[in-house]
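Contents: one structure, followed by commentary.
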């Protein structure tokens, strides 16, 4: 592997320079936002004051001239103000995202999203390999703030992929990894409006996929035309002097009465779109970006095809505008305009028409955006770690070879990389070693890189080759008071799961990592149990590593084919214990329990 320090410094400098450039441009958007906010306020107050004055003067014609263009002009000012405000928010998001990138390079992950909701302590490998949580692989890789992108990435991390799936993702990552500016803009856009992720589930699509009630459709289509025509008629008659201007008030009162029948329908739409409204605000520009992004990669083209015929971006934009108007009904402006143009009817009618024609596509569109997001997270991770490599996926079963394998969650200046190879169904590697010498860390390094390889991400290695492998671990078994289970029994249950898994018909070979096997029992039982398990596993379509302090198991290398011994050692120099964390061939030849106890102040007899 190339010198990681140089690559990290280079990327940190790049991200810092981008932050500086963006912060300079933020002042422009801030001034424009403030300017249009002020103009909008002045125009609204001026119109209000002028209308009050003209009404007092009984000047109906002038009042009409002031009011008629008001919705158009004020709407334009609101849109411009919102656009500049959005650009300011996007710029702020870019700065925050780039600071997150620097934190990831420094492995300062505590403030980043660890995907805690995906924690599953019963999963075959997730809890042992720190895939989710405070200082986790998910926090290191994920850039998405959106439900569907986060879920897609988590699903990939929790499920083994096939060789074609892995290679398709790898190619997509290669094609996107250097497009840093476009990717930064994508993730900044996705954070413009934060939706409450806890309130989002599959029910958000339910209303759009339900059948439409036909009752009363004709009335709801005709009513707004009746209301607007009669109001215009009263305006014309009032302006021409045929009727008093007070009849315009009568027209508005009639429109208010006309609005009553549609309230239940509007509120039903409001309730059923409340959660998806926030999602649309987050996603609407992403659909357009995904559609317009030129890609040659077959995998990305397949995702992109979901957004065409009909155009997802155009339809999402139209739905977003509808719901934006609907969900502004708590504001004063909505109720000023509603009696004039009967907004409720237009919103209800167009929402139902949208549902009828495009509701069936909504779930697919969001799912495809989630896949885009997951790939973009992997490409951002590859860009930030240009010294990492993509895995070569082999066509054989039970094969793994890594050169300078390391753990990506360990700081580059503290991480010790190791070479390792094993192959063949039934292969077993026994890892022996002194306390704290690196056995567990090495096993986790292997496990994490296997997960990275099989989601299509780059691996913390100089090179890595592997066959598709289904990972299984037993490393952090604990007492469970709720289930009245001791740590030893918990480990036995875990090992039974492994044995059962190897007995099932599997297309994908099993790769297991067992740490300090049967540590909860005496040495004689541990030796018998561990040897029996090893002999049983060697008859299956699996391979793996077993770490132990029990050196008596090392003798199996002389009795069994495809069994190998590796170890980690330490040196004791006076009162100091030195570790090099390097993997050595053969059983462990140094021990440090007694020196460690002395160091802790325990008197040795």
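In our numbering, the protein residues as written are 13 to 617.
Cβ atoms here follow ideal geometry from the backbone N, Cα and C, with glycine treated the same way.
For clarity, every value in this text was computed on a predicted model and none was experimentally measured.
Limits of the beta strand (DSSP E) - the one that residue i falls within
{"i": "residue 414", "result": "411–417"}
{"i": "residue 476", "result": "475–478"}
{"i": "residue 589", "result": "588–591"}
{"i": "residue 169", "result": "Careful: residue 169 lies outside any beta strand (DSSP E), inside the alpha helix (DSSP H) at 159–170."}
{"i": "residue 531", "result": "First-last for residue 531: undefined, no H or E at that position."}
Span of the alpha helix (DSSP H) around residue i
{"i": "residue 539", "result": "535–549"}
{"i": "residue 466", "result": "451–467"}
{"i": "residue 75", "result": "72–79"}
{"i": "residue 192", "result": "192–201"}
{"i": "residue 111", "result": "82–117"}
{"i": "residue 432", "result": "Counting along the chain, residue 432 falls outside any alpha helix (DSSP H), though it belongs to the beta strand (DSSP E) covering 430–435."}
{"i": "residue 501", "result": "499–515"}
{"i": "residue 176", "result": "175–188"}
{"i": "residue 221", "result": "218–221"}
{"i": "residue 152", "result": "149–153"}
Rounded distance between the beta-carbons of residue j and residue i, thought under 8 Å
{"i": "residue 401", "j": "residue 475", "result": "6 Å"}
{"i": "residue 352", "j": "residue 243", "result": "7 Å"}
{"i": "residue 183", "j": "residue 346", "result": "Their Cβ separation, rounded to whole angstroms, is 49 Å, which puts residue 183 and residue 346 out of contact at 8 Å."}
{"i": "residue 127", "j": "residue 166", "result": "6 Å"}
{"i": "residue 42", "j": "residue 90", "result": "Wrong, their Cβ atoms sit about 18 Å apart, outside the cutoff."}
{"i": "residue 471", "j": "residue 464", "result": "5 Å"}
{"i": "residue 75", "j": "residue 66", "result": "4 Å"}
{"i": "residue 486", "j": "residue 462", "result": "Residue 486 to residue 462, Cβ: 15 Å. No contact."}
Own chain partners of residue i with C-beta closer than 6 Å, once the 5 adjacent residues on each side are dropped
{"i": "residue 325", "result": "299, 300 and 303"}
{"i": "residue 391", "result": "185, 188 and 189"}
{"i": "residue 496", "result": "Note on residue 496: pLDDT 46, under 50, position unreliable in the model; the coordinate value appears next. The answer is none, since no qualifying residue turns up."}
{"i": "residue 155", "result": "199, 389 and 392"}
{"i": "residue 454", "result": "none"}
{"i": "residue 356", "result": "271, 274 and 278"}
{"i": "residue 532", "result": "499 and 500"}
{"i": "residue 558", "result": "442, 526 and 529"}
Chain-order list of residues whose beta-carbon lies under 7 Å from that of residue i (same chain, five-residue window excluded)
{"i": "residue 24", "result": "114 and 117"}
{"i": "residue 581", "result": "445, 446, 449, 596, 600, 601 and 602"}
{"i": "residue 384", "result": "302 and 315"}
{"i": "residue 598", "result": "577 and 579"}
{"i": "residue 284", "result": "219"}
{"i": "residue 318", "result": "376, 377 and 380"}
{"i": "residue 508", "result": "none"}
{"i": "residue 20", "result": "117 and 424"}
{"i": "residue 594", "result": "428 and 430"}
{"i": "residue 103", "result": "34, 37, 38 and 41"}
Residues bridged to residue i [DSSP beta-bridge criterion]
{"i": "residue 556", "result": "440 and 524"}
{"i": "residue 597", "result": "578"}
{"i": "residue 486", "result": "526"}
{"i": "residue 481", "result": "521"}
{"i": "residue 404", "result": "477"}
{"i": "residue 445", "result": "580"}
{"i": "residue 472", "result": "Answer is none; residue 472 lacks a bridge partner."}
Cut-off 8 Å between Cβ atoms - residues of its own chain near residue i, not counting five sequence neighbours on either side
{"i": "residue 435", "result": "408, 410, 411, 412, 413 and 555"}
{"i": "residue 493", "result": "In this predicted model, residue 493 has a pLDDT of only 44, less than 50, meaning its place in the structure is not dependable; the value taken from the coordinates is given anyway. Nothing meets the Cβ criterion."}
{"i": "residue 491", "result": "For residue 491, the predicted structure reports a pLDDT of 48, less than 50, and the residue's modelled location is therefore unreliable. The matter cannot be settled from this model."}
{"i": "residue 366", "result": "327, 330, 331 and 334"}
{"i": "residue 368", "result": "224"}
{"i": "residue 82", "result": "59"}
{"i": "residue 282", "result": "338, 339 and 341"}
- prompt: Can you give, in chain order, each stretch of the alpha helix (DSSP H) that sits fully within the stretch 301–373 and has at least 4 residues?
  reply: Entirely contained in the stretch 301–373, the alpha helix (DSSP H) runs reaching 4 residues are, in chain order, 310–317, 324–338, 344–353 and 355–370.
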